[in-house]
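**Q** Below are the structure tokens for one structure; questions will follow.
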Amino acid sequence: MSYIQPLVSGYDPAVTPNINNPGTWYQKPSSEHWFGTDDTGNDLWDVVWSGTRMSLSIAFIAASINIGLGILVGAVWGYSKRLDPILLALYNVISNIPAILRSMMLMYIFGRGFWQMILAMTITGWLGIAFFIRTQVMIIRDREYNLASRCLGTPLKRMVTRNILPYMVSVIATLVYQEIPGLINTETILSYLGIGLPSTYPSLGRMIDVYWSFVDTYPHMIVFPGIVMGLVTISFYVVGQLFADASDPRTHR
Numbered sequence: 514m515s516y517i518q519p520l521v522s523g524y525d526p527a528v529t530p531n532i533n534n535p536g537t538w539y540q541k542p543s544s545e546h547w548f549g550t551d552d553t554g555n556d557l558w559d560v561v562w563s564g565t566r567m568s569l570s571i572a573f574i575a576a577s578i579n580i581g582l583g584i585l586v587g588a589v590w591g592y593s594k595r596l597d598p599i600l601l602a603l604y605n606v607i608s609n610i611p612a613i614l615r616s617m618m619l620m621y622i623f624g625r626g627f628w629q630m631i632l633a634m635t636i637t638g639w640l641g642i643a644f645f646i647r648t649q650v651m652i653i654r655d656r657e658y659n660l661a662s663r664c665l666g667t668p669l670k671r672m673v674t675r676n677i678l679p680y681m682v683s684v685i686a687t688l689v690y691q692e693i694p695g696l697i698n699t700e701t702i703l704s705y706l707g708i709g710l711p712s713t714y715p716s717l718g719r720m721i722d723v724y725w726s727f728v729d730t731y732p733h734m735i736v737f738p739g740i741v742m743g744l745v746t747i748s749f750y751v752v753g754q755l756f757a758d759a760s761d762p763r764t765h766r
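Converting from the sequence shown to the numbering used here requires adding 513 to each position, the first position being numbered 1.
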């Protein structure tokens, strides 16, 4: 819905045509405005879906980078005994710092912005995924068929792409569908704390930050963004679990 909304609505987050028309402010949900209106008279239906689109875009891009790097580095890490102590030491240091705290520190360094937030989420975000993939690779690599392939001189690249990664489809699917809602929550927290996206970028986090001051007098302004964020998060977890179960051969015995 968030990506369909621009096709059926002329909403522009940078424009507030009703700012000088107090009669359009703070309207409760109705047949004309399903989610009501905000403090500038904008239709919350448009604002919420526009913000959801922004949050999803950030999460999709950051998750693609983290998952891609994590799989690539993790696959090599699981096979390379030389890289293992180096990357393991790096992981032990980075993992002791909470992910949200790392993102906060990086946002302070890079400043607020769309690509700055993606950079803050991905500089170290791939490392935990790489460690998880490394562990899975180490389990699979010592199975009999891989030992036989190694004895026959099968190239490492072929072993990884043919003998290992195909058996990890369910694991990777689970990672993808857990990573996206996690990044949406990170964006929400950063924006709520005032160090995320600037005010010109609508997002779920920005809405919760701006509308929180109206929670007592106009609760609909905070309820609908919260409901949408919750539904998006739950949907990804449910779809991820269903996909993981469907792609896991152990569930089809």
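By construction, the Cβ of each residue, glycine as well, lies at the ideal position given by its N, Cα and C atoms. Since the structure is predicted, the reported quantities are computational estimates derived from the model, not experimental observations.
1) Between L755, G753, P738 and I747, which lies nearest to M567 when the distance is taken from Cα to Cα?
2) Which whole-angstrom value is the C-beta distance of A572 and L696, which I expect to be below 8 Å?
3) Measuring straight from C-alpha to C-alpha, what distance separates I574 and L582?
4) Alpha carbon to alpha carbon, how far is L596 from T648? Give it in angstroms, no decimals.
5) For T550, write down the residues that DSSP places opposite it in a beta bridge.
6) Could you check whether the Cβ of I578 sits closer than 7 Å to any Cβ belonging to chain D?
7) Just to confirm before moving on: does the CB-CB distance between Y539 and Y705 stay below 7 Å?
8) Label N605 either buried or exposed according to how many other C-beta atoms from any shown protein chain fall within 10 Å of its C-beta, with 16 as the threshold for buried.
9) Is the CB-CB distance between M720 and G564 below 7 Å?
10) So, with DSSP's three-state summary, where would you put N609?
11) Please classify V561: does DSSP put it in a helix, a strand, or coil?
12) Is the number of C-beta pairs between the region 631 to 649 and the region 603 to 620 that are closer than 8 Å three or more?
13) When you compare the CB positions of T637 and I599, do they come within less than 7 Å of one another, or not?
14) Among I610, S577, L640 and T701, which one has its Cα closest to the Cα of W725?
15) Can you say whether F749 is buried or exposed, counting buried as having 16 or more other CB atoms within 10 angstroms of its CB?
16) Which residue marks the beginning of the alpha helix (DSSP H) containing N659, and which one marks its end?
17) Tell me whether S716 is buried or exposed, calling it buried when 16 or more other Cβ atoms sit within 10 Å of its Cβ.
18) Using alpha carbons as the reference points, say which of Y621, F548 and L640 lies closest to N609.
19) Classify V751: buried if its beta carbon has 16 or more other beta carbons within 10 angstroms, exposed otherwise.
20) If we ignore side chains and look at the alpha-carbon of each, how far apart do I642 and V723 end up?
21) For I472, which residues in the same chain have their Cβ closer than 6 Å to its Cβ, ignoring the five residues on either side in sequence?
22) Quick check: the Cα distance between L703 and G709, rounded to an integer number of angstroms?
23) For W628, which residues of its own chain have a beta-carbon under 8 Å away from its beta-carbon, when the five flanking residues on both sides are left out?
24) Anyone know if the C-beta pair for G554 and H733 falls short of 7 Å?
25) Is it true that the CB of I584 sits closer than 7 Å to the CB of V689?
**A** Let's see:
1) Locating residue 567 in the sequence shown gives position 54, where the first residue counts as 1. Among L755, G753, P738 and I747, the Cα nearest to that of M567 belongs to P738.
2) On the sequence shown, residue 572 is found 59 positions in, with the first residue counted as 1. On the sequence shown, residue 696 is found 183 positions in, with the first residue counted as 1. The beta carbons of A572 and L696 sit about 4 Å from each other, so the pair counts as a contact at 8 Å.
3) Indexing the sequence shown from 1 puts residue 574 at position 61. Indexing the sequence shown from 1 puts residue 582 at position 69. If you take the alpha carbons of I574 and L582, they lie about 12 Å apart.
4) Residue mapping note: residue 648 aligns to position 135 of the sequence shown, counting from 1. Residue mapping note: residue 596 aligns to position 83 of the sequence shown, counting from 1. T648 and L596 have their C-alpha atoms roughly 14 Å apart.
5) Looking up residue 550 in the sequence shown gives position 37. Bridge partners of T550: D556.
6) The displayed structure is made up of one protein chain only, and chain D is not part of it.
7) In the sequence shown, the residue the question calls residue 539 occupies position 26. In the sequence shown, the residue the question calls residue 705 occupies position 192. No, the pair does not count as a contact, with Cβ atoms beyond the cut-off.
8) For the purposes of this step, residue 605 is taken as residue 92 along the sequence shown, with counting starting at 1. Under a 10 Å Cβ-count criterion, N605 is classified as exposed, with fewer than 16 other Cβ atoms of the shown protein chains found around its own Cβ.
9) Mapped onto the sequence shown, residue 720 falls at position 207. Mapped onto the sequence shown, residue 564 falls at position 51. At a Cβ-Cβ threshold of 7 Å, M720 and G564 count as neighbours.
10) Here residue 609 corresponds to residue number 96 of the sequence shown, with the count starting at 1. N609: coil per DSSP, three-state reduction.
11) Taking the sequence shown and counting its residues from 1, one reaches residue 561 at position 48. If DSSP states are grouped into helix, strand and coil, V561 belongs with the helices.
12) Enough Cβ pairs lie closer than 8 Å, so yes.
13) For the purposes of this step, residue 637 is identified with residue 124 of the sequence shown, where counting begins at 1. For the purposes of this step, residue 599 is identified with residue 86 of the sequence shown, where counting begins at 1. Going by C-beta atoms, T637 is not nearer than 7 Å to I599.
14) As a position in the sequence shown, residue 725 is number 212, starting the count at 1. Measuring from the Cα of W725, the nearest candidate turns out to be T701.
15) Position 236 of the sequence shown, counting from 1, holds the residue named residue 749. With at least 16 other beta carbons inside 10 angstroms of its own, F749 counts as buried.
16) Taking the first residue of the sequence shown as position 1, residue 659 is located at position 146. Here the alpha helix (DSSP H) through N659 covers E657 to C664.
17) In the sequence shown, counting from the first residue as 1, residue 716 sits at position 203. Under this definition S716 is a buried residue.
18) For the purposes of this step, residue 609 is taken as the residue at position 96 of the sequence shown. Answer by Cα proximity: L640.
19) As a position in the sequence shown, residue 751 is number 238, starting the count at 1. Label assigned to V751: exposed.
20) On the sequence shown, position 129 is the one that residue 642 refers to. On the sequence shown, position 210 is the one that residue 723 refers to. For the pair I642 and V723, the Cα-to-Cα distance works out to about 33 Å.
21) Because the chain here runs from 514 to 766, residue 472 falls outside it and cannot be looked at.
22) Working through the sequence shown from its first residue, we reach residue 703 at position 190. Working through the sequence shown from its first residue, we reach residue 709 at position 196. For L703 and G709, the distance between alpha carbons rounds to 5 Å.
23) Residue mapping note: residue 628 aligns to position 115 of the sequence shown, counting from 1. Closer than 8 Å at the Cβ level, and outside the excluded window around W628, lies no residue.
24) As a position in the sequence shown, residue 554 is number 41, starting the count at 1. As a position in the sequence shown, residue 733 is number 220, starting the count at 1. Cβ atoms of G554 and H733: not closer than 7 Å.
25) Indexing the sequence shown from 1 puts residue 689 at position 176. Indexing the sequence shown from 1 puts residue 584 at position 71. Result no, Cβ atoms of V689 and I584 do not sit closer than 7 Å.
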